[in-house]
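Numbering (the working numbering), first residue to last: 9 to 144.
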């Protein structure tokens with residue numbers, strides 16, 4: 009593999025952009041687009057194959073829907089009520105905020121069945137509460 013191959017140039021571009029401070033996801037997208045351009049591949053065909061593959065795999069399609077469900081629960085204040093309930097149960101003990109986090113994660117996992125939705129829903133709210141209390 010020579011250094012002028014499209015793959016090598018895209019890896020160099022990703023590494024350089026990451027070291028310059030660009031977020032890793034953006035650097036990977038830029039490197040991927042650079043690879044597609046240098047390799048002479050049609051971007052429309054690549055996008056079509058990517059979308060068809062995503063819709064064929066229901067597990068990958070479920071992840072954004074779980075995150076959407078968690079965000080709707082945040083908007084509807086269900087996560088705040090769940091945290092108040094858990095705080096009433098275990099919040100009085102030493103290290104209570106950590107126990108509240110564990111209990112709400114157990115309850116929310118039983119409702120949604122997704123760790124990603126738990127991180128996007130009550131996890132986001134717990135991070136704000138723990139930061140405010142100086143525990144994070």
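Note that beta-carbon positions come from the ideal geometry of N, C-alpha and C, so glycine has one too. Predicted, not measured: the structure shown is a model, and the values here were computed from it.
Worksheet item: What residues in its chain sit with their C-beta under 8 Å from that of residue 104, if we drop five residues either side in the sequence?
Response: Closer than 8 Å at the Cβ level, and outside the excluded window around residue 104, lie 95, 98.
Discussion item. Tell me whether the stretch 44-63 and the stretch 11-29 touch, counting them as touching only if at least three CB pairs, one residue from each stretch, are closer than 8 Å.
Written reply: Verdict: yes, contact present.
Worksheet item: Are the beta-carbon atoms of residue 35 and residue 25 separated by less than 8 Å?
Response: With respect to the 8 Å criterion, residue 35 and residue 25 are classified as neighbours on the basis of their beta carbons.
Worksheet entry | Beta-carbon proximity of residue 91 to residue 133, cut-off 8 Å | The Cβ atoms of residue 91 and residue 133 lie closer than 8 Å to each other.
Worksheet item: At what residue ranges does the stretch 81-112 contain a whole run of the beta strand (DSSP E), taking only runs of 3 or more?
Response: Listed in chain order, the beta strand (DSSP E) runs fully inside the stretch 81-112 amount to none, counting runs of at least 3 residues.
Practice prompt. Out of 85, 136, 84, point me to the one whose CA is closest to residue 109's CA.
Written response: Nearest Cα to residue 109 within the set 85, 136, 84: 136.
Item to complete: Go ahead and pull the three-state DSSP assignment for residue 12.
Response: DSSP places residue 12 in coil when its eight states are reduced to three.
Worksheet item: Taking all protein chains shown into account, do 16 or more other C-beta atoms lie within 10 angstroms of the C-beta of residue 78, making it buried, or fewer, making it exposed?
Response: Buried, since its Cβ has 16 or more Cβ neighbours within 10 Å.
Worksheet item: From residue 127 to residue 39, what distance separates their C-alpha atoms?
Response: In this structure, the straight-line span from the alpha carbon of residue 127 to that of residue 39 is close to 29 Å.
Worksheet item: First and last residue of the alpha helix (DSSP H) that includes residue 60?
Response: Counting along the chain, the unbroken alpha helix (DSSP H) around residue 60 starts and ends at 51-64.
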